[in-house]
Structure formats: structure tokens, C-alpha cells
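UniProt numbering puts the sequence shown at residues 1 to 302.
The beta-carbon is built from N, C-alpha and C at its ideal position, and this holds for glycine as well.
Note sheet for the following structure.
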Amino acid sequence: MNWKVTVKDYALYLRLERGMSKNTIEAYLRDVTKFVEYVDLMDNSLTPQNVQRENIISFLMYLEQEVHLSTRSQARILSGLKSFYTYLNESDQTENNPVELIETPRLTQKLPDTLEVEEIDLLIDAIDHTTYEGRRNHAILEVLYGCGLRVSELINLSLEDLFLAEGFVKVVGKGDKERFVPIGEEAAMQMTLYIENDRCMKTPKKGSENIIFLNRRGAKLTRVMIFTIIKRLAEAVQLGKNISPHTFRHSFASHMVEGGADLRAVQEMLGHESITTTEIYTHLNKEYLQQVITEFHPRASL
């Protein structure tokens with residue numbers, strides 16, 4: 001059986017039997033397609049059934065040395081190929097599994113970039129508060145940093161999700177899981193000012209009637225718009241850091257852990273399914289502590 005037919009059948013398997021979403025299926029297929037393109041380039045006599053372990057190893061070396069893919073990208077592609085060969089084995093299309101004994105490239109943990117409180121203040125001070133967009137953007141930054149939201153969670157916040165008197169907002173996170181996140185006084189105040197003085201002047205577009213953050217035409221903001229807002233502010237103050245909406249989420253978590261917050265509480269507020277994901281912020285905290293001792297201890301630099 002040739003690659004084209006096999007990959008097509010694999011896509012049907014992912015959709016019908018695994019019930020995967022369109023985006024997830026496309027990601028799996030991209031991984032397999034990269035290997036198919038490599039086979040066409042190097043040895044088009046290879047079929048899905050006669051690929052050997054050595055071919056996979058050569059492919060990974062090609063990705064690293066010729067394509068210059070990161071270790072993380074190599075690991076993801078290898079994971080996709082493992083899924084593909086699991087499907088071939090389970091569907092009795094081959095007994096061969098050339099990826100079974102290949103170890104995943106070791107990932108180096110990249111700690112997320114964070115902002116200092118002073119840098120967040122600098123970004124907010126650069127906002128033009130004389131405009132609708134400026135006052136809205138102030139509320140957006142306060143909520144991103146004050147609640148640690150993902151950008152997708154922010155743009156989908158609705159008026160019905162606000163419980164400001166109780167000090168909480170309801171957030172719908174990954175997998176449509178709901179959680180209640182505390183909101184600080186500053187974020188709650190800026191949210192209230194925006195809603196009562198600015199948003200109320202807009203006529204929401206159909207489908208955005210309850211959405212909190214709207215553009216000047218009354219439509220829901222997109223992820224790209226939030227990225228653009230933050231990028232422009234960073235450029236305006238010459239921040240010197242490549243930041244995104246997620247940087248505010250990282251900063252929220254890092255500052256909470258630095259301040260002594262319980263890790264389980266931070267996990268709950270971030271909506272992490274596993275405590276392991278949240279534990280990365282303990283590493284950030286250790287870096288901070290190391291920096292403190294290096295800077296202030298009289299014998300640290302001997």
C-alpha cells in the first residue's frame with residue numbers, strides 16, 4: 001500500500017475512531033507528511049511497511065542538521081510517527097514498527113519569560129486613556145495580569161461571567177471546563193469603569209451581545225488583536241522583551257509563587273489539569289532566589 005492511500009486511511013481513523021478535532025488531525029498529518037516528503041527526497045522505494053529504524057534515525061538527523069528544527073519540534077514529529085505506526089499495527093497493515101524503540105529527543109525545559117511589576121506599570125502608563133480603545137486596553141491588561149487568564153479565555157469573557165461584588169470571574173478554559181478565579185481590586189475597578197462608561201456606548205454585533213471586550217465596531221476581539229495591542233505597547237516603551245498575552249499569565253503565576261502562594265491554589269487559578277505544569281513556576285522562583293543571593297550575599301561572588 002502506498003503512502004497517499006495509507007495516510008488518507010489514517011486520517012479517517014483519527015476522525016471516525018479517535019474522534020479527534022480537525023485541527024488535531026491536521027497536526028498529526030503534518031508530522032507524517034514531513035516524513036513522506038523526506039522519503040520522496042531520499043529513497044522513494046520505501047513504503048509504510050518496509051521503513052526501518054535506521055530510516056527514522058536518519059530522518060531525525062535530517063530534521064536537526066538540515067532543516068534545523070528544535071528538539072521540541074523533533075519530539076513532536078516523532079510522537080506523530082509513533083501514533084501513525086500504532087495505527088498500522090492495530091489495523092494489521094504491518095507488524096513492523098520502526099519507531100517503537102526510538103527514544104524521544106531530550107527536551108530542555110525553557111522557562112517562560114515574565115515581566116517585573118514595574119514593567120507592567122510602564123506598559124499601562126503608555127496607554128492613551130483619552131480613547132475608548134485605551135481605556136478598554138487598560139482593563140484588558142489588568143485582567144490578564146490580575147487573573148492569569150489565557151488569551152482565549154479573555155476574549156470569550158461574558159457579562160454573565162462577572163461576580164465582581166464577590167471578587168470572582170467565571171472562566172471557561174480548555175475542554176470547556178469552568179473555574180472561578182479571584183479578581184483583584186484594581187482589575188475589578190478597571191473592568192467596571194470600562195463596562196459602565198465605555199462598553200455601554202457600543203452596539204454589540206450579533207453574537208457578541210454579552211461579550212465584554214469589543215472592538216470599535218462592537219464585535220468580539222480576536223486573539224490576534226490582543227497580541228497586536230501588547231506588541232504595540234511594548235514597542236512604544238522600548239521594552240526590549242518579546243512579550244505576548246501569555247507573558248502576563250506567566251507573570252501572574254510567577255509573582256504569586258514568589259509571594260508564597262500555595263502551589264495548589266495557583267494550579268486552580270490557572271486551570272492546570274496537572275500540578276506538574278504549575279511546578280515550572282517553582283523553578284522561576286528558584287532562579288529569583290539565586291539572583292537575590294548572588295546580588296546581596298557578601299560571599300556569593302567569591
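Exercise. Measure from the alpha carbon of THR24 to the alpha carbon of each residue in GLU37, THR6, GLY80 and SER70, then state which is nearest.
Key: GLY80
Quiz prompt | Proximity below 7 Å, CB of GLN52 to CB of PRO105 | solution = no
Quiz item: With a CB to CB cut of under 8 Å and the five nearest residues on each side skipped, what residues in its chain are close to SER158?
Solution: ASN210, ILE211 and ILE212
Practice problem: Let me know if LYS174 comes out buried or exposed under the rule of 16 or more other beta-carbons within 10 Å of its beta-carbon. | Solution: exposed
Practice problem: Check ILE183 in the structure and name its three-state DSSP category. | Solution: coil
Quiz item: Quick one, which of ARG216, GLU235, LEU63 and VAL172 has its alpha-carbon nearest LEU270's?
Solution: VAL172
Quiz prompt | Residues sharing a beta bridge with VAL172, DSSP | solution = GLU178
Practice problem: Tell whether a beta-carbon distance below 7 Å holds between PHE248 and TYR145. | Solution: yes
Quiz item: Does DSSP put SER73 in a helix, in a strand, or in coil?
Solution: helix
Exercise. Please work out which residues of its chain come closer than 7 Å, Cβ to Cβ, to LYS206, disregarding the five sequence neighbours upstream and downstream, and give them in chain order.
Key: none
Quiz item: From ASP9 to THR47, what distance separates their C-alpha atoms?
Solution: 15 Å
Quiz item: If you count every other CB in all the chains shown that lies within 10 Å of the CB of LEU16, and 16 or more means buried, which is it?
Solution: exposed
Quiz item: Using a C-beta cutoff of 7 Å, does ASP40 count as contacting chain D?
Solution: Among the protein chains of the structure shown there is no chain D, as only one such chain exists.
Practice problem: Can you check the stretch 108 to 141 for any alpha helix (DSSP H) of at least 4 residues that lies completely inside it and give the ranges in chain order? | Solution: 117 to 125
Self-check item: Alpha-carbon to alpha-carbon, ASN96 and HIS68
Solution: 29 Å
Quiz item: Using the rule of at least 16 other Cβ atoms within 10 Å of the residue's Cβ for burial, across every protein chain shown, is THR278 buried or exposed?
Solution: buried
Quiz item: Span of the alpha helix (DSSP H) holding PHE59?
Solution: 53 to 65
Quiz item: Around the Cβ of ASN197, are there at least 16 other Cβ atoms within 10 angstroms (buried) or fewer (exposed)?
Solution: exposed
Quiz item: Which two residues bound the contiguous alpha helix (DSSP H) that contains LYS34?
Solution: 22 to 42
Quiz item: What are the start and end residues of the alpha helix (DSSP H) that includes ALA253?
Solution: 245 to 258
Practice problem: Could you have a look at ILE195 and say whether DSSP puts it in helix, strand or coil? | Solution: helix
Quiz prompt | Distance between GLU54 and ALA187 (C-alpha atoms, nearest Å) | solution = 56 Å
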